[in-house]
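Enquirer: Going by our numbering, 192 is the number at position 153 of the sequence shown; the sequence numbering is gapless.
Beta carbons: idealized from backbone N, C-alpha and C, even for Gly.
Keep in mind that this is a model prediction, so the values were computed, not measured.
I am attaching a structure below and will ask some questions about it afterwards.
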Amino acid sequence: DLYHGMLEVNLPDEPGTHTRTISLVKNTNIVRVVLKHLSSVDIYPEDFVYEITDDNTFMAHDNTILDNEEIDYYPWSVTSGKAGIYADLNMTKAASTVNVAVAEFTINRLVVENNPVLSIYNAKDNSKVLAIPLKDYALLVKGNYNKAMGDQEYLDRQDEYNLTFFLDEHGLWSSSRI
40 DLYHGMLEVN
50 LPDEPGTHTR
60 TISLVKNTNI
70 VRVVLKHLSS
80 VDIYPEDFVY
90 EITDDNTFMA
100 HDNTILDNEE
110 IDYYPWSVTS
120 GKAGIYADLN
130 MTKAASTVNV
140 AVAEFTINRL
150 VVENNPVLSI
160 YNAKDNSKVL
170 AIPLKDYALL
180 VKGNYNKAMG
190 DQEYLDRQDE
200 YNLTFFLDEH
210 GLWSSSRI
C-alpha cells in the first residue's frame, strides 16, 4: 500500500511529545476481475490476457497526476476458483459448481481526469473479449449512500474494486443490446 499526505506543522519550543494528525490518501488500488461462462463451461484463467491501461504513473508533491505516458498494468495473480450454486431460489434442488477465472491487479490512484481501460483478450488469438472504461465502472457502485460525495473523493476513499463479467458460448463478454 502507498499513501500520500502533507501537513504544515509549527511545533512549540517546549520539549516533549507533540502529536499531529495527517490526512492520508491511498494511492494504490486493488482491482479483481472475475470471469464466468454463462453456459457453466469450465473456464481457465490462462486462456485470457488481462490488462489495465492508464496514464497515472507519476504524481506531483501535491498528489496530482503528472503528464506522462500510458502504462499497462498486468495482474500479479491469475487463479481459478469454484463456487456452489443451487438450481432454485429455495435451495432445495441439488447444487452444482461454477468455475471462474480471477485476475488481481494493483494499480495507482484512479483520478476523474483520466480514462483507464480494462481490457481482456483471448490468449490464443489475441482477440478482444472485452474493454470497459474502468473509472466509469468504479463510479457505478458509488450508490445512494455516497451520492453527496464528489467522484474524486469517492475514488480516493475506495481501494478495492471487484468486477464480474459473464462470457457467452464464444468466450466473449455477454452484453445486452436492444
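#1: Are the beta-carbon atoms of Asn102 and Val64 separated by less than 8 Å?
#2: Quick check on Ala170: does DSSP put it in helix, strand or coil?
#3: Helix, strand or coil for Tyr193, going by three-state DSSP, please let me know.
#4: Exposed or buried, Val180, counting other C-beta atoms within 10 Å across all chains shown (16 or more means buried)?
#5: Using C-beta distances below 8 Å, list every residue in its chain close to Ile90, excluding the 5 sequence neighbours before and after it, in chain order.
#6: Check whether the region 196-205 and the region 60-76 touch, using three or more Cβ-Cβ pairs below 8 Å as the test.
#7: Roughly how far, in whole angstroms, is the beta-carbon of Asp207 from the beta-carbon of Leu77, given that I think they are within contact range, below 8 Å?
#8: Helix, strand or coil, according to DSSP, for Asp106 in the structure here?
#9: Check whether the Cβ atoms of His100 and Asn66 sit closer than 8 Å, and answer yes or no.
#10: Since Ser135 and Ile146 should fall inside the 8 Å C-beta cutoff, what is the C-beta to C-beta distance between them, to a whole number of angstroms?
#11: Between the C-alpha atoms of Gly210 and Leu46, what's the straight-line distance to the nearest angstrom?
#12: Within 10 angstroms of the Cβ of Ile217, are there 16 or more other Cβ atoms? Answer buried if so, exposed if not.
#13: Nearest-angstrom Cα distance between Glu85 and Leu169?
#14: From this set, Pro155, Thr118, Asp94, Trp115, which residue's C-alpha is nearest Glu108's C-alpha?
#15: How big is the Cα-Cα spacing for Met188 and Ser119?
#16: Tell me, which residues are paired with Tyr89 by DSSP?
#17: With H, G and I counted as helix, E and B as strand and the rest as coil, what does DSSP make of Tyr83?
#18: Can you tell me whether Ile217 is helix, strand or coil according to DSSP?
Expert: In brief:
#1: yes
#2: strand
#3: helix
#4: exposed
#5: The amino acid occupying residue 90 in the given sequence is Glu; Ile does not appear at that position. So the qualifying residues of the chain are Asp111, Tyr112, Tyr113, Leu157, Ser158, Ile159, Tyr160.
#6: yes
#7: 6 Å
#8: Looking at Asp106 - three-state DSSP - the assignment turns out to be coil, as it is neither helix nor strand.
#9: no
#10: Rounded, the Cβ-Cβ distance is 34 Å, inconsistent with contact.
#11: Between Gly210 and Leu46, the C-alpha separation is close to 50 Å.
#12: With a pLDDT of 38 at Ile217, under the threshold of 50, the predicted position of this residue should be treated as unreliable, and no value is reported.
#13: Near 16 Å, if we compare the C-alpha coordinates of Leu169 and Glu85.
#14: Asp94
#15: 36 Å
#16: Ile159
#17: coil
#18: Because Ile217 carries a pLDDT of 38, less than 50, the predicted location of this residue cannot be relied on, and no value is offered for it.
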